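Here the structure comes first, spelled out in structure tokens, and everything after it is commentary.
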Ligand SMILES: *[C@@H]1O[C@H](CO)[C@@H](O)[C@H](O)[C@H]1NC(C)=O
Ligand SMILES: *[C@@H]1O[C@H](CO)[C@@H](O)[C@H](O)[C@H]1NC(C)=O
Ligand SMILES: *[C@@H]1O[C@H](CO)[C@@H](O)[C@H](O)[C@H]1NC(C)=O
Ligand SMILES: *[C@@H]1O[C@H](CO)[C@@H](O)[C@H](O)[C@H]1NC(C)=O
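In mature numbering (1 follows the signal peptide of the UniProt record, and there is no 0), the protein residues as written are -15 to -1, 1 to 380.
Shown next, in the form of structure tokens:
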């Protein structure tokens, strides 16, 4: 009997992790990009579509937190995997701190507006290692204050893009920015930050999600009345479609809201969004850039970053199911995380590129596709670390 249970649960999980997840190439490639930061500092965001070389961007870009955060993930991997993490004796923490330094001026003046949550990622990681680091504390508090300033009580959301009043635009991506409010609340004891996060999440449940569990990318509100004036897309296929990366930001965001509050409505919402996501992946297993984009001409572009982000989101959701005693649900989401991970690795793993993965769609309407993407790689590495930490794989 005991043997039977072991066979049922453990080997199933272990067998399905793609070996590339812990390939030495992961550490080798990240190190190659990290070891000589450009001067003045610039950050990788995406690659070209042919040779896979990184394109570099100035610090004041919404994605610049991801590469330093990747270095913190490599530090975590070194601790989890020891010598098997891929390269010899590298001080990943030092590299992470060095690259974060390039972001520091943004704590006082950033042009990225609502995306301060993404910028805060490496500082939040720093605080897990050294909760007393004053630079990281200042950065997190300042990013949270900047986001809180964008909150409109009438609308019940933080503002995304800076359009002139009364036009007030909110994108589903913003569910990812709420975490910085909770981290800053922990540091400062200021509960207003938490209240703002909860209000934003509740307003988003009311207006951003369709009956089928898909999401709109952009909701426009009237900043004076708080009423919805338009539901549309920016980066998706059409106003009625579901952009896959937005959907994945939403799953992660609501699973994280449940982690932060334990409110059942956030678990239910994460489930709804996740159910849409996994039921709309076609039989070839490839996460498309938009679930409603036409399949002709083939191949319909994938978005590997939506896939690796969804893997992390589903693993978090799986953990949340365990907190309510739902082991069936936990196994269900975990199985989907594994199959998405396997399928995207088969499609997009590129040993010869500077990025780990190809087949990212940065912005299809802007014809920016078939690239590596810094956050796609970040979530790929993080998925490996999470699985190792959960005891579901070895390095
Ligand atoms: C504190 O954190 C910042 C930003 O993450 C980093 O650049 C700096 O090196 C850290 N300082 C110490 C003493 O560890
Ligand atoms: C708490 O945070 C909010 C939002 O940033 C701010 O308006 C308020 O002044 C803060 N309260 C205190 C006591 O610092
Ligand atoms: C994946 O990328 C390769 C080359 O980068 C391309 O040939 C292929 O069509 C892409 N597939 C999808 C589904 O995007
Ligand atoms: C367990 O999780 C699954 C998947 O999220 C869900 O469909 C089911 O309703 C959950 N069961 C309970 C008892 O909450």
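For each residue, glycine too, the CB sits at the ideal point set by N, CA and C.
Values in this document were obtained by computation on a predicted structure and should not be read as measured data.
With a cutoff of 8 Å, residue 344 counts as near ligand 3, since its C-beta is closer than that to a heavy atom of the ligand. Between residue 193 and residue 163, the gap from beta carbon to beta carbon reaches 9 Å or more. DSSP places residue 84 in no beta strand (DSSP E) but in the uninterrupted alpha helix (DSSP H) bounded by 77 to 86. Applying a distance threshold of 7 Å between residue Cβ atoms and the heavy atoms of ligand 4 selects 256, 306, 309, 311, 313, 314, 317, 318, given in chain order. According to the DSSP assignment, residue 317 belongs to the alpha helix (DSSP H) that extends over 312 to 333. The C-beta separation of residue 54 from residue 110 comes to about 6 Å, placing the pair in contact by the 8 Å criterion. Shown here, residue 95 sits in coil according to DSSP, grouped into three states, outside any helix or strand.
In this structure the region 352 to 365 does not touch the region 301 to 320; the number of beta carbon pairs closer than 8 Å is below three.
Distances taken from the Cβ of residue 173 to the heavy atoms of ligand 2 include one shorter than 8 Å. Taken in chain order, the complete beta strand (DSSP E) segments of 3 or more residues contained in the region 4 to 39 are 28 to 32. Here the distance from the Cβ of residue 95 to the nearest heavy atom of ligand 2 is not below 8 Å.
In the displayed model, residue 287 falls within a strand according to three-state DSSP. Our two residues, residue 344 and residue 377, have alpha carbons roughly 26 Å apart in a direct line. Excluding the 5 residues flanking it on each side, residue 26 has same chain C-beta neighbours closer than 6 Å at 87, in chain order. A straight line joining the alpha-carbon of residue 208 with that of residue 297 spans about 34 Å.
Here residue 154 carries a strand assignment [DSSP, helix/strand/coil]. Residue state for residue 345 is assigned as strand, using DSSP reduced to three classes. In the three-state reduction of the DSSP assignment, residue 380 falls in the coil class. Straight across, the Cα-Cα distance linking residue 96 with residue 178 is about 21 Å.
For residue 125, the secondary structure class from DSSP, reduced to helix, strand or coil, is helix. Relative to ligand 3, the nearest heavy atom lies less than 8 Å away from the CB of residue 284. About 7 Å separates the beta carbon of residue 259 from that of residue 318, a gap short enough to meet the 8 Å contact definition. Here the alpha carbons of residue 189 and residue 140 stand approximately 10 Å from one another. Residue 337 carries a coil assignment under DSSP once its states are collapsed to helix, strand and coil. For the pair residue 211 and residue 146, the CB atoms are not nearer than the 9 Å cut-off.
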